[in-house]
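In this note's numbering, the protein residues as written are 1 to 258.
Working notes for the structure below.
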Ligand SMILES: N[C@@H](CCC(=O)N[C@@H](CS)C(=O)NCC(=O)O)C(=O)O
């Protein structure tokens with residue numbers, strides 16, 4: 001789990017649960033969804049990605065990769081959305097979202113890991129190519145600031161491809177990202193053909209992690225027609241009151257964009 005020693009020490013004083021998040025970000029959405037499923041009160045620190053509110057010394061002082069979400073729990077900073085899910089589940093076990101037998105626990109962890117590992121090469125690549133390329137265009141000053149603050153090579157490379165002159169994501173990059181995600185969705189659809197949920201017979205962290213990613217891709221007209229069981233699973237989840245509060249309502253709020 002990623003527990004950060006924040007350079008921005010103001011957050012050490014925070015009491016209770018505070019979440020830095022963006023309204024349309026699927027990584028933020030999965031954390032909001034778990035918070036609502038557990039009925040936990042939390043303080044919102046909304047970050048407008050399109051206004052580069054994440055590209056500041058202050059925010060990099062909380063999340064060293066400059067991304068959302070970041071959870072602060074009684075002054076402890078936890079980053080990486082899937083690690084935050086595991087952290088909250090441990091800190092607030094009731095109601096629990098690992099309600100499957102021991103033999104299935106590793107499967108939940110594999111779904112969380114897969115969700116984290118495929119974000120940048122899959123969903124984020126598709127998004128930057130298709131969905132929010134214009135909204136996420138930085139000015140020259142913002143690019144310079146970003147490249148000064150960002151120390152992570154993978155993020156420097158990814159954003160360089162979007163921000164630097166002469167570089168851009170190509171249709172080939174988007175196709176590769178789509179095949180990666182399609183491979184996962186074929187597998188999910190097969191599981192969901194015979195099961196109500198991704199792991200065992202309960203709604204778990206695996207479902208909570210993946211459902212907001214489907215929302216994001218649907219927002220970019222990703223074609224899910226080949227995955228009817230996945231679509232039915234998503235429909236079931238999206239009708240949950242916690243999902244409406246955590247995802248639907250937040251996405252409907254109007255900020256400039258993204
Ligand atoms: N692995 C990270 C990925 C976080 C991430 O990429 N967040 C996006 C929104 S979904 C973001 O902050 N994008 C802005 C940027 O990369 O500058 C996690 O799961 O928390």
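All residues carry an ideal CB built from backbone N, CA and C; glycine is no exception.
(request) In angstroms with no decimal places, state the Cα-to-Cα distance between residue 179 and residue 89. (result) 32 angstroms
(message) On the CB-based measure, 16 or more other CB atoms within 10 Å of its CB, does residue 66 come out buried or exposed?
(response) buried
(request) Classify residue 129 as helix, strand or coil using the three-state DSSP reduction. (result) helix
(message) Here's the rule I'm using: 16 or more other beta-carbon atoms within 10 Å means buried, otherwise exposed. How should residue 220 be labelled?
(response) exposed
(request) Tell me whether residue 199 sits in a helix, a strand or coil according to DSSP, three-state version. (result) coil
(request) Just tell me which of 199, 151, 222, 165 has its CA closest to the CA of residue 177. (result) 222
(message) If you reduce the DSSP assignment to three classes, tell me which class residue 92 lands in.
(response) coil
(message) Quick check on residue 20: does DSSP put it in helix, strand or coil?
(response) strand
(request) Please report the residue range of the alpha helix (DSSP H) in which residue 247 lies. (result) No alpha helix (DSSP H) holds residue 247; DSSP gives it neither H nor E.
(request) In the DSSP assignment, find the beta strand (DSSP E) that holds residue 78 and state where it starts and stops. (result) 76-79
(message) If you reduce the DSSP assignment to three classes, tell me which class residue 72 lands in.
(response) strand
(request) Could you tell me the distance, in whole angstroms, from the CA atom of residue 42 to the CA atom of residue 97? (result) 19 angstroms
(request) Rounded to whole angstroms, what's the CA-CA distance from residue 95 to residue 38? Just pull it up for me. (result) 6 angstroms
(request) Answer with buried or exposed for residue 188, where buried requires no fewer than 16 other C-beta atoms within 10 angstroms of its C-beta. (result) buried
(request) Could you check what DSSP says for residue 100 in three-state terms: helix, strand or coil? (result) coil
(request) Could you tell me if residue 115 is buried or exposed, where buried requires 16 or more neighbouring beta carbons within 10 angstroms of its beta carbon? (result) buried
(message) Based on DSSP bridge pairs, tell me the residues matched to residue 43.
(response) 18
(message) Bridge partners for residue 4 per DSSP, in chain order?
(response) 77
(message) Give me, in chain order, the residues of the same chain whose beta-carbon lies closer than 6 angstroms to that of residue 227; leave out the 5 immediate sequence neighbours on both sides.
(response) 185, 189
(message) According to DSSP, is residue 240 part of a helix, a strand, or is it coil?
(response) coil
(request) Compute the Euclidean distance between the alpha carbons of residue 151 and residue 164, then round it to the nearest angstrom. (result) 16 angstroms
(request) Quick one: give me the first and last residue of the alpha helix (DSSP H) that residue 221 is part of. (result) Careful: residue 221 lies outside any alpha helix (DSSP H) and carries neither H nor E.
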